[in-house]
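To keep things clear, I will list the structure first and then write my remarks on it.
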Amino acid sequence: MDHFLTEEQQMIVDIAAQISDEQIIPQRAELDENHTFPREILNAMAQADLLALPVAENYGGFGGGCFDLVLAIEQIARGCVAVGT
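Every number in the working numbering is 168 more than the matching position in the sequence shown, counting from 1.
Have a look at this one:
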């Protein structure tokens, strides 16, 4: 645990890292070789509310800032830069 992060931010890191470890890393070579879009990974990120991080709460989002989004992208890109962009 990084004591610099809030509990919510650490949760973002943990969720994104889990998706990266369990879904992205095992198939990243295949995604690259076949030039395929990982729709199931995108769906997993959406179900985990990672796509809602920068969206205001009054619109159904997380209401997070840029740093929250960067925390998630860092973990996703750790698995595959192409998926993280």
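Glycine residues also receive a C-beta, built at the ideal position from the N, C-alpha and C atoms.
Keep in mind the model is a prediction, meaning the values are calculated, not measured.
Bounding residues of the alpha helix (DSSP H) (the contiguous stretch that carries residue i)
i	result
ASP268	Because the chain spans 169 through 253 in this model, residue 268 falls outside it and cannot be assessed.
LEU199	196 to 202
GLN177	175 to 187
Residue i, DSSP secondary structure in three states
i	result
GLY252	helix
LEU221	coil
ALA212	helix
Cα-Cα separation between residue i and residue j, rounded to whole angstroms
i	j	result
TYR227	GLU175	23 angstroms
PRO206	GLN178	25 angstroms
ILE193	GLY231	28 angstroms
GLY252	ILE244	5 angstroms
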